[in-house]
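One gets this note's numbering by counting positions in the sequence shown from 1 and adding 4 to each.
Even for Gly, the Cβ is constructed at its ideal location relative to N, Cα and C.
Take a look at the structure set out below.
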Amino acid sequence: MKEVIETMPRIELALIIIGVFVLILCIIFGYAMIHEYRMYLENHWKARYSFRDFIKRERFYIFLLLASILICLTNLLYFLE
5 MKEVIETMPR IELALIIIGV FVLILCIIFG YAMIHEYRMY LENHWKARYS FRDFIKRERF
65 YIFLLLASIL ICLTNLLYFL E
């Protein structure tokens with residue numbers, strides 16, 4: 005494994021690291037959004053699941069995820085220069 009990492013160019017290694025980090029971040033935020041929306045549905049028994057309502061209620065997590073991805077991409081551009 006060490007030989008593979010040493011033979012990879014610096015740019016590809018940075019892309020892989022940032023890609024894995026963004027993927028893990030998306031999984032964590034996705035789980036948090038779904039968990040919080042399920043808790044909301046359990047507490048409000050008249051509420052039905054709708055994708056529009058999900059997006060409206062979980063706007064904070066969506067903006068937080070997009071901001072995190074933007075920061076990662078900015079750091080990647082800085083690293084590649």
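Inset, instruction - Compute the beta-carbon to beta-carbon distance between residue 73 and residue 26, rounded to the nearest angstrom, for a pair I have assumed lies under 8 Å. - result: 6 Å
Legend entry - residue 50 (DSSP reduced to helix, strand or coil): coil
Inset, instruction - Report yes or no: do the segment 65-81 and the segment 31-39 share at least 3 C-beta pairs separated by less than 8 Å? - result: yes
Legend entry - Simplified DSSP assignment, three categories, for residue 62: coil
Inset, instruction - Name the residue from 39, 28 and 58 whose alpha carbon lies nearest to the alpha carbon of residue 76. - result: 28
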